[in-house]
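**Student:** Reminder that position 5 of the sequence shown reads as 320 in this note's numbering, one-by-one numbering, no gaps. Could you have a look at this structure, given as structure tokens, before my questions?
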Amino acid sequence: MSTDRIELRGLKVYGHHGVFDFEKRDGQEFVVDVTLWTDFSAAAKSDDIGDTIHYGELADQVVAIVSGPPRDLIETVVSEVADAIMSDTRIAAVEVVLHKPSAPIPHTFEDVRVVTSRRREELG
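See below:
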């Protein structure tokens, strides 16, 4: 696997995910971190954005999913994001972290997050 990686951190997206009706109705802010592994030696040589993963388009893809149809579980959402990112065959692996900082928990907490990863050889 390539050691080159692209990281997108702290992408804030308003979504309507959760098991409670008020979560689906009112929505809340989610935060997404993406790390993907790809070989960007061609891009480094050509200095052409077409030879790499365009992180603006990556952000658009993530926002479309997280702001899209409501899901009960953030585990579902994070899996959909990871699978969509891996549809680009130039990506060898991805790790996606989905934070739900306003989760309806009646205790003081800093963050709730779910993490998933995919590797090309596992998709084989």
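Heads up, the beta-carbon is just placed ideally off N, CA and C, and yes, glycines get one too.
Restricting to Cα atoms, I'd like to know which of Phe355, Asp426, Arg433, Ala408 is closest to Val346.
**Tutor:** Sequence index remark: in the sequence shown, residue 346 carries index 31 (1-based). Selected option, being the one with the closest Cα: Asp426.
**Student:** Please state the DSSP three-state secondary structure of Arg428.
**Tutor:** The sequence position of residue 428 within the sequence shown is 113, counting from 1. It is a strand residue.
**Student:** Would you say Phe390 and Ile380 are within 8 Å of each other, going by their C-beta atoms?
**Tutor:** Locating residue 390 in the sequence shown gives position 75, where the first residue counts as 1. Locating residue 380 in the sequence shown gives position 65, where the first residue counts as 1. Note on residue identity: the sequence assigns Glu, not Phe, to residue 390. Not closer than 8 Å, so no.
**Student:** Start and end of the alpha helix (DSSP H) containing Leu373?
**Tutor:** By 1-based counting over the sequence shown, the position of residue 373 is 58. 370-381 is the extent of the alpha helix (DSSP H) around Leu373.
**Student:** In the structure shown, what three-state DSSP assignment does Ile406 receive?
**Tutor:** Mapped onto the sequence shown, residue 406 falls at position 91. In the structure shown, Ile406 sits in a strand (DSSP, three-state: E or B).
**Student:** By alpha-carbon positions, which one of Ala359, Gln343, Gly365, Ser402 ends up nearest to Leu351?
**Tutor:** Reading the sequence shown from its first residue, position 36 is the one you call residue 351. Comparing Cα positions, the closest option is Ser402.
**Student:** Do three or more CB pairs link the stretch 333-346 to the stretch 371-379 at distances below 8 Å?
**Tutor:** No, because fewer than three Cβ pairs between the stretch 333-346 and the stretch 371-379 fall closer than 8 Å, the two stretches do not touch.
**Student:** Excluding five sequence neighbours on each side, which residues of the same chain lie with their C-beta closer than 8 Å to the C-beta of Ile406?
**Tutor:** In the sequence shown, counting from the first residue as 1, residue 406 sits at position 91. These residues qualify, in order along the chain: Leu351, Trp352, Thr353, Ile368, Ile400, Arg435.
**Student:** Cβ atoms of Leu388 and Val349: under 8 Å apart, would you say?
**Tutor:** Mapped onto the sequence shown, residue 349 falls at position 34. Mapped onto the sequence shown, residue 388 falls at position 73. Against a cut-off of 8 Å, the Cβ pair of Leu388 and Val349 comes out as no contact.
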